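**Q** Those sequence lines, one after another, are chains A and B.
Read in order, the letters of the first sequence are residues 2 to 240 in the working numbering.
Read in order, the letters of the second sequence are residues 6 to 388 in the working numbering.
Ideal placement from N, C-alpha and C gives every residue a C-beta, glycine not left out.
Note that this is a predicted model, so its numbers are computed, not measured.
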Amino acid sequence: MDRSELAQPFERMIAGLFPPGRVREGNGWDAERREIEASGFLDLLAGDDALAFDHAVPLFIVLGRHAAPLGIGREMIARGGLGDGAEAILLAAAIAGAGERVLEMAVAYANDRVQFGKPIGKQQAVQQNLALMAEHVVAVRLAAELAAADFPDGGAMKAAVAKATASELAPRIASAAHAVCGAMGIGMEHDLQLFTRRLHQWRAEAGSETLHSRALGIAVLADDRSAVDWVRAEVFREA
Amino acid sequence: MFASFTFARIPADYEDLRATARRLAKEAVADRPMDVCARSWSGYDAEFSRKLGAAGLLGLTLPKEYGGGGMGPFARFVVVEELLAAGAPVAAHWIADRQSAPLILNFGTEAQRHAYIPAICRGESLFAIGMSEPGSGSDLASVRTRAERRGDGWRLNGQKIWTSGAMHADRMIALVRTSGSAEDRHRGLSQVIVDLHAPGVTVRPIKDLAGDAHFAEVFFDDVALPSDALVGEEGQGWQQVTAELAFERSGPERIYSSVVLLDGWLAHLRSTGRADAATTALVGGMIARLATLRAMSIACTALLEAGESPVVEASIVKDLGTAFEQDLPLAIADNLASHRDEPVSDELRRTLEYVTLVAPSFSLRGGAREILRGIIARGLGLR
Ligand SMILES: Cc1cc2nc3c(=O)[nH]c(=O)nc-3n(C[C@H](O)[C@H](O)[C@H](O)COP(=O)(O)OP(=O)(O)OC[C@H]3O[C@@H](n4cnc5c(N)ncnc54)[C@H](O)[C@@H]3O)c2cc1C
Numbered sequence: 002m003d004r005s006e007l008a009q010p011f012e013r014m015i016a017g018l019f020p021p022g023r024v025r026e027g028n029g030w031d032a033e034r035r036e037i038e039a040s041g042f043l044d045l046l047a048g049d050d051a052l053a054f055d056h057a058v059p060l061f062i063v064l065g066r067h068a069a070p071l072g073i074g075r076e077m078i079a080r081g082g083l084g085d086g087a088e089a090i091l092l093a094a095a096i097a098g099a100g101e102r103v104l105e106m107a108v109a110y111a112n113d114r115v116q117f118g119k120p121i122g123k124q125q126a127v128q129q130n131l132a133l134m135a136e137h138v139v140a141v142r143l144a145a146e147l148a149a150a151d152f153p154d155g156g157a158m159k160a161a162v163a164k165a166t167a168s169e170l171a172p173r174i175a176s177a178a179h180a181v182c183g184a185m186g187i188g189m190e191h192d193l194q195l196f197t198r199r200l201h202q203w204r205a206e207a208g209s210e211t212l213h214s215r216a217l218g219i220a221v222l223a224d225d226r227s228a229v230d231w232v233r234a235e236v237f238r239e240a
Numbered sequence: 006m007f008a009s010f011t012f013a014r015i016p017a018d019y020e021d022l023r024a025t026a027r028r029l030a031k032e033a034v035a036d037r038p039m040d041v042c043a044r045s046w047s048g049y050d051a052e053f054s055r056k057l058g059a060a061g062l063l064g065l066t067l068p069k070e071y072g073g074g075g076m077g078p079f080a081r082f083v084v085v086e087e088l089l090a091a092g093a094p095v096a097a098h099w100i101a102d103r104q105s106a107p108l109i110l111n112f113g114t115e116a117q118r119h120a121y122i123p124a125i126c127r128g129e130s131l132f133a134i135g136m137s138e139p140g141s142g143s144d145l146a147s148v149r150t151r152a153e154r155r156g157d158g159w160r161l162n163g164q165k166i167w168t169s170g171a172m173h174a175d176r177m178i179a180l181v182r183t184s185g186s187a188e189d190r191h192r193g194l195s196q197v198i199v200d201l202h203a204p205g206v207t208v209r210p211i212k213d214l215a216g217d218a219h220f221a222e223v224f225f226d227d228v229a230l231p232s233d234a235l236v237g238e239e240g241q242g243w244q245q246v247t248a249e250l251a252f253e254r255s256g257p258e259r260i261y262s263s264v265v266l267l268d269g270w271l272a273h274l275r276s277t278g279r280a281d282a283a284t285t286a287l288v289g290g291m292i293a294r295l296a297t298l299r300a301m302s303i304a305c306t307a308l309l310e311a312g313e314s315p316v317v318e319a320s321i322v323k324d325l326g327t328a329f330e331q332d333l334p335l336a337i338a339d340n341l342a343s344h345r346d347e348p349v350s351d352e353l354r355r356t357l358e359y360v361t362l363v364a365p366s367f368s369l370r371g372g373a374r375e376i377l378r379g380i381i382a383r384g385l386g387l388r
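Shown next, in the form of structure tokens:
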């Protein structure tokens with residue numbers, strides 16, 4: 002199945018169930034559980050005709066894009082009987098989704114907000130920060146996609162790559178978005194905080210960048226291959 | 006956002022190619038100390054490049070009728086990755102293989118293709134890129150070197166600078182003004198092939214801060230060019246150069262400039278057995294960045310393979326990749342200097358010193374960081 006084909010109905014459902022107003026109330030997802038349960042999405046990763054794991058990445062990107070409770074994702078992982086590595090990889094995907102959303106919000110704000118007689122997005126300093134932010138968002142998504150390919154083969158090291166990258170970049174993406182959105186983004190009423198709050202929570206969840214980096218470092222130092230050979234074999238699983 | 010810029014795998018078809026590239030690269034670096042290997046991009050070894058040509062490892066993406074490999078961009082990715090990871094000397098074919106031959110294929114006449122491409126694929130013909138001038142760096146459209154019609158051909162006057170490999174090269178593809186003035190900007194620019202041995206051409210090597218002379222100033226004093234020196238159409242130079250820069254920015258070479266140093270440091274840590282918490286976190290953090298960047302570079306190659314021109318995506322990979330290349334020597338220096346009682350080999354020290362000195366060039370060559378971020382900002386809809 003094409004990834005967007007898969008993500009679109011999920012996106013519609015999650016966007017409908019978790020509009021910013023409801024996310025702001027933050028009552029978990031118990032009220033929504035029945036509806037999601039009925040849709041069958043919670044079992045997508047379980048059973049004989051389960052989705053390939055790399056298709057879970059777009060689903061978790063959707064959860065991130067809507068700051069949806071990760072309980073949904075956790076339930077999907079549990080029903081699929083997937084291990085710890087799965088959670089770290091899918092958290093990285095959720096961070097990619099939230100990052101993508103705050104990038105869109107920051108770009109829209111930069112084109113809209115006028116200071117000194119022109120949109121702040123015409124200022125080179127603002128453009129440079131948003132460009133770097135886009136680089137980081139793309140990096141997190143590619144790290145998650147890389148890790149999810151052929152999972153669980155090479156799962157532990159791939160999960161460490163994905164979560165080390167996502168956790169390293171999540172706070173930088175959040176700070177860049179806040180810098181662009183000014184005081185407006187600091188207000189409780191503005192949606193930005195719903196996403197940057199998640200970025201910080203998900204960064205720490207299932208281990209931060211230092212924890213995952215150490216796991217990689219220990220494995221690399223216990224080996225004798227070059228950096229590129231190690232990465233090709235243990236992360237990309239190339240022959 | 007950037008939806009087509011997504012994870013891809015290198016097709017398995019290129020494993021033989023990888024094995025050949027690896028064997029030749031290993032042979033070439035066998036007697037070279039680490040700090041010489043770290044100079045991979047600027048390492049000039051004509052014999053090695055000819056060997057690569059004979060083994061069919063150059064011009065991989067060019068059609069077979071011109072002596073190329075008739076393969077896709079992934080073939081080149083695999084070979085370049087092996088050469089750079091080993092620290093093999095690539096300067097003698099680098100520019101011709103990466104940029105000049107594809108440019109001539111895309112914009113040249115049939116006669117030009119047959120005249121230049123087969124020799125490039127054999128590793129026997131060296132090209133240089135003549136874009137920068139003393140007054141034109143990032144603002145490339147302001148070039149003043151001029152080619153004027155004279156009889157059948159052209160007369161060339163002006164100066165280029167920072168031209169990599171000009172002292173070894175046979176030819177330069179130069180961006181020049183053929184009509185109008187610098188104020189006309191993108192209009193009136195063309196690309197010409199200049200024989201660097203022709204009368205009126207003077208090449209003066211420039212030493213870099215490490216003491217190496219890998220680039221040069223090139224002066225043109227009324228140099229006569231034949232009528233077929235023009236590549237592509239007169240006045241289309243800007244469009245052609247833009248297409249050329251997409252080849253230059255999208256390869257794996259924007260990740261691996263410090264990888265010889267990284268391996269030297271790993272070998273040092275393995276031999277001392279030091280695996281303290283700070284060090285393992287640092288090593289792992291660098292490995293995570295390397296893996297992520299490699300995935301990004303492969304994703305970019307997949308877009309090239311699909312026939313797209315991933316200008317924004319290539320800028321994303323280059324900016325993030327060069328930041329990684331630049332962070333490595335700083336982090337390694339800190340790590341070594343925080344264990345002062347631990348002996349470090351002269352070879353590793355020299356390599357570290359060299360990479361530290363040249364690292365600022367990584368985010369200048371091929372387009373400065375701020376310029377790339379401007380391209381990305383435009384891709385985000387901000388300009
Ligand atoms: C090792 C090496 C090899 C090279 N090889 C070649 C070669 O083979 N052929 C060739 O033609 N050139 C070559 N170059 C030149 C290279 O292309 C230029 O260095 C590069 O394009 C930048 O130009 P510049 O050095 O003149 O810097 P400048 O353009 O003067 O820029 C200096 C600083 O100002 C910033 N800046 C400039 N304009 C703007 C702007 N509008 N907005 C924001 N910031 C701006 C830049 O980002 C940079 O940080 C080489 C350079 C190096 C270092």
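Shorter than 8 Å from the beta carbon of GLY218 of chain A to some beta carbon of chain B?
**A** Yes - at least one Cβ of chain B is within 8 Å of the one on GLY218 of chain A.
**Q** Within the 8 Å Cβ cut-off, does GLU313 of chain B reach chain A?
**A** Judged by the 8 Å Cβ criterion, GLU313 of chain B is not in contact with chain A.
**Q** Shorter than 7 Å, the distance from the beta carbon of SER195 of chain B to the closest heavy atom of ligand 1, or not?
**A** No, the beta carbon of SER195 of chain B sits no closer than 7 Å to any heavy atom of ligand 1.
**Q** Are the segment 256–268 of chain B and the segment 183–202 of chain A touching by the rule of at least three beta carbon pairs closer than 8 Å?
**A** Taking 8 Å as the limit for Cβ pairs, the verdict is that the segment 183–202 of chain A does not touch the segment 256–268 of chain B.
**Q** For ALA272 of chain B and ASP225 of chain A, I'd like the C-alpha separation in whole angstroms.
**A** Looking at the two C-alpha atoms, the distance is approximately 8 Å.
**Q** Note down the Cα distance separating ARG154 of chain B from GLY205 of chain B, rounded to an integer number of angstroms.
**A** Cα to Cα, ARG154 of chain B sits roughly 17 Å from GLY205 of chain B.
**Q** Where does ASP339 of chain B land, buried or exposed, given buried means 16+ other C-beta within 10 angstroms?
**A** Exposed.
**Q** Between which two residues does the alpha helix (DSSP H) containing GLN331 of chain B stretch?
**A** Segment 316–342, the alpha helix (DSSP H) holding GLN331 of chain B.
**Q** Given 8 Å as the limit, is there contact between the segment 52–72 of chain A and the segment 8–21 of chain A, that is, 3 or more CB pairs closer than that?
**A** A contact exists between the segment 52–72 of chain A and the segment 8–21 of chain A.
**Q** Below 8 Å on the Cβ atoms is my guess for LEU266 of chain B versus THR356 of chain B; work out the distance and round it to an integer in Å.
**A** Going by Cβ atoms, the distance from LEU266 of chain B to THR356 of chain B rounds to 5 Å, so yes, they are a contact pair.
**Q** Near ALA161 of chain A, what residues of its chain come up, given a Cβ to Cβ distance below 7 Å and the 5 sequence neighbours on each side ignored?
**A** The residues are HIS213, ALA216, LEU217.
**Q** Between which residues of its own chain and ASP227 of chain B is the CB-CB distance below 7 Å, once the five residues before and five after are set aside?
**A** Here the set comprises ARG160, ASN162, GLY205.
**Q** Just checking MET136 of chain B against ligand 1 - is the residue's beta carbon closer than 7 Å to any of the ligand's heavy atoms?
**A** Yes, since a heavy atom of ligand 1 falls inside the 7 Å radius drawn around the Cβ of MET136 of chain B.
**Q** Flag ALA95 of chain A as yes if its beta-carbon sits less than 8 Å from any beta-carbon of chain B, otherwise no.
**A** By this cut-off, ALA95 of chain A is not an interface position.
**Q** Do ALA373 of chain B and ligand 1 come close, with the Cβ less than 7 Å from some heavy atom?
**A** Checking the Cβ of ALA373 of chain B against ligand 1 gives yes.
**Q** Please give the ranges of any beta strand (DSSP E) in the segment 184–215 of chain B, keeping only runs that are unbroken, at least 3 residues long and fully inside the region.
**A** As far as the segment 184–215 of chain B is concerned, its whole beta strand (DSSP E) runs of at least 3 residues are 194–200, 206–211.
**Q** Helix, strand or coil, according to DSSP, for PRO231 of chain B in the structure here?
**A** If DSSP states are grouped into helix, strand and coil, PRO231 of chain B belongs with coil.
**Q** If the cut-off is 7 Å on Cβ atoms, which residues from the segment 119–136 of chain A count as contacting chain B, listed in chain order?
**A** Residues GLY122, GLN128, GLN129, LEU131, ALA132, LEU133, ALA135, GLU136.
**Q** What does ALA150 of chain A reach in chain B if we use C-beta pairs closer than 7 Å?
**A** Correct list: PHE12.
**Q** I need the straight-line Cα distance from PHE54 of chain A to THR297 of chain B, nearest angstrom please.
**A** Going by the C-alpha atoms only, they are around 19 Å apart.
**Q** Which word fits ALA91 of chain B, buried or exposed, when buried means at least 16 other C-beta atoms lie within 10 angstroms of its C-beta?
**A** That one is buried.
**Q** Give a yes or no on whether 8 Å exceeds the smallest Cβ distance from SER227 of chain A to chain B.
**A** Cβ-Cβ to chain B under 8 Å: yes for SER227 of chain A.
**Q** Buried or exposed, going by whether 16 or more other CB atoms sit within 10 Å of the CB of GLN196 of chain B?
**A** By the 10 Å Cβ count, GLN196 of chain B comes out buried.
**Q** Report the rounded CA-to-CA distance for GLU235 of chain A versus GLU87 of chain B, giving the unit in angstroms.
**A** The straight-line gap from Cα to Cα measures roughly 17 Å.
**Q** Is any heavy atom in ligand 1 found nearer than 7 Å to the beta carbon of LEU250 of chain B?
**A** For ligand 1, not one heavy atom lies less than 7 Å from the Cβ of LEU250 of chain B.
**Q** Among the residues of its own chain, which have a CB less than 6 Å from the CB of ARG142 of chain A, if the five just before and after it don't count?
**A** Excluding positions up to five away in sequence, the list reads ALA97.
**Q** Is ILE376 of chain B near ligand 1, judged by its Cβ being under 7 Å from some heavy atom?
**A** ILE376 of chain B: yes, Cβ under 7 Å from ligand 1.
**Q** Given that GLU20 of chain B touches chain A, what residues does it touch there, using C-beta distances under 8 Å?
**A** What GLU20 of chain B touches in chain A: ALA240.
**Q** Between ASP268 of chain B and chain A, is any beta-carbon pair separated by less than 8 Å?
**A** So, interface residue.
**Q** Determine the burial state of GLY193 of chain B: buried for a count of at least 16 other Cβ atoms within 10 Å of its Cβ, exposed for fewer.
**A** Looking at its Cβ environment, which holds 16 or more other Cβ atoms inside 10 Å, GLY193 of chain B is buried.
**Q** If we ignore side chains and look at the alpha-carbon of each, how far apart do HIS137 of chain A and THR11 of chain B end up?
**A** If I take the Cα positions, the gap works out to 14 Å.
**Q** In chain order, what residues of the same chain lie with their CB nearer than 6 Å to the CB of GLU146 of chain A, ignoring the 5 residues before and after it?
**A** Cβ within range, chain order: VAL58.
**Q** So what's ASP31 of chain A in DSSP terms, helix, strand or just coil?
**A** Three-state DSSP puts ASP31 of chain A in a helix.
**Q** Looking at the structure shown, is PRO123 of chain B part of a helix, part of a strand, or coil, going by DSSP?
**A** DSSP places PRO123 of chain B in helix when its eight states are reduced to three.
**Q** Below 8 Å on the Cβ atoms is my guess for ILE78 of chain A versus LEU91 of chain A; work out the distance and round it to an integer in Å.
**A** Right, their Cβ atoms sit about 7 Å apart.
**Q** What does the alpha-carbon distance come out to for the pair ARG127 of chain B and GLY41 of chain A?
**A** Near 59 Å, if we compare the C-alpha coordinates of GLY41 of chain A and ARG127 of chain B.
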